[in-house]
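Visitor: Below you'll find the structure I mean.
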Amino acid sequence: MVSSRPPILQFATLSDLASALGWLPSPAAMRLWGGPQLRWGASAAEVWETIQAAEHRVYALVDDGALQGLAQIVERDGRAHLARVIVDPHLRGQGVGERLLRAVLAQALALSVAAVTLNVYRENRVAIRLYRKLGFDFCDADANGDSLPMIWKGGLIETAGR
Ligand SMILES: CC(C)(COP(=O)(O)OP(=O)(O)OC[C@H]1O[C@@H](n2cnc3c(N)ncnc32)[C@H](O)[C@@H]1OP(=O)(O)O)[C@@H](O)C(=O)NCCC(=O)NCCS
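Count along the sequence shown starting at 1, add 141, and that's the number in our numbering.
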């Protein structure tokens with residue numbers, strides 16, 4: 142049956158985070174998603190602590206009660222840093238990531254920050270394409286590490302899910 146209501150963005154719970162951790166098949170996938178500080182095999186509670194989820198809000202995109210994706214906004218030094226973006230593997234390639242990012246970006250911009258940034262691993266081509274499509278661009282063309290900083294340069298923002 143097709144859901145009649147659009148997906149909504151809400152604050153993620155520990156149980157949402159546990160579900161998202163279950164979408165990660167390997168330590169490499171965990172690193173791509175959450176960076177090097179996360180420990181493979183860590184409980185949801187440990188990851189919740191590590192990413193400081195109580196302080197820096199984690200959002201869940203939920204469709205008719207089912208979790209579709211997760212993303213975090215880390216507000217620091219006058220900027221909003223998007224992190225831990227993930228979509229249910231069964232739903233990828235269908236526009237869910239774009240919907241999630243648009244809704245989270247709208248939340249970030251509502252914070253009246255000077256900039257919206259994120260980091261993405263150089264090899265994460267799918268994520269890079271998604272971020273570029275939404276108006277992010279690389280902010281350090283000479284960056285030579287594994288992780289590339291991106292900054293939002295503007296573009297169409299919908300407030301879907303708010
Ligand atoms: C990155 C991720 C969130 C994208 O979610 P998604 O729901 O698949 O993305 P969408 O379907 O909304 O696609 C949006 C855009 O992403 C890109 N994209 C998505 N799937 C792609 C694929 N298989 N190949 C190439 N580009 C792809 C495209 O630019 C696409 O736009 P288009 O369809 O107009 O070409 C998802 O792949 C994911 O959860 N990855 C694992 C975790 C991760 O790497 N997170 C990023 C941390 S920085």
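Virtual Cβ for every residue (Gly too), placed ideally from N, Cα, C.
#1: Assuming L211 contacts Y200 (C-beta within less than 8 angstroms), just tell me the rounded distance between them.
#2: For L242, name the three-state secondary structure that DSSP assigns.
#3: Give the straight-line distance between the Cα atoms of G295 and D205, rounded to the nearest whole angstrom.
#4: Just to confirm the assignment, what range does the alpha helix (DSSP H) spanning A201 have?
#5: Which runs of the alpha helix (DSSP H) spanning at least 4 residues fall entirely within the stretch 152-233, listed in chain order?
#6: Below 6 angstroms, is the gap between the Cβ of R172 and the nearest heavy atom of ligand 1?
#7: What's the call for Q178, buried or exposed, on a 16-neighbour Cβ count within 10 Å?
#8: Which of the three DSSP states is assigned to D278 in this structure?
#9: Let me confirm a value: D287 is counted as buried when at least 16 other C-beta atoms fall within 10 Å, else exposed. Which label applies?
#10: Below 7 angstroms between beta carbons: does that hold for V126 and A221?
#11: Does DSSP put L259 in a helix, a strand or coil?
#12: Output the boundary residues of the beta strand (DSSP E) element that contains S288.
#13: According to DSSP, is L252 part of a helix, a strand, or is it coil?
Guide: Considering the structure as presented:
#1: Contact between L211 and Y200 holds, with the beta-carbon distance rounding to 7 angstroms and staying under 8 angstroms.
#2: Note: L242 maps to helix in three-state DSSP.
#3: In a straight line, the C-alpha of G295 is about 31 angstroms away from that of D205.
#4: Segment V199 to D204 is the beta strand (DSSP E) holding A201; no alpha helix (DSSP H) there.
#5: Annotation note: the stretch 152-233 contains the following uninterrupted alpha helix (DSSP H) runs of length 4 or greater, listed N- to C-terminal: 155-162, 168-175 and 185-191.
#6: R172 has its Cβ no nearer than 6 angstroms to any heavy atom of ligand 1.
#7: Looking at its Cβ environment, which holds fewer than 16 other Cβ atoms inside 10 Å, Q178 is exposed.
#8: Here D278 sits in strand by DSSP.
#9: By the neighbour-count criterion, in which 16 or more other beta carbons inside 10 Å mark a residue as buried, D287 falls on the exposed side.
#10: With the chain covering 142 to 303 only, the question about residue 126 has no answer from this structure.
#11: Correct three-state label for L259: strand.
#12: In the DSSP assignment, S288 falls within the beta strand (DSSP E) that extends over S288 to W293.
#13: Reduced to three states, the DSSP call for L252 is coil.
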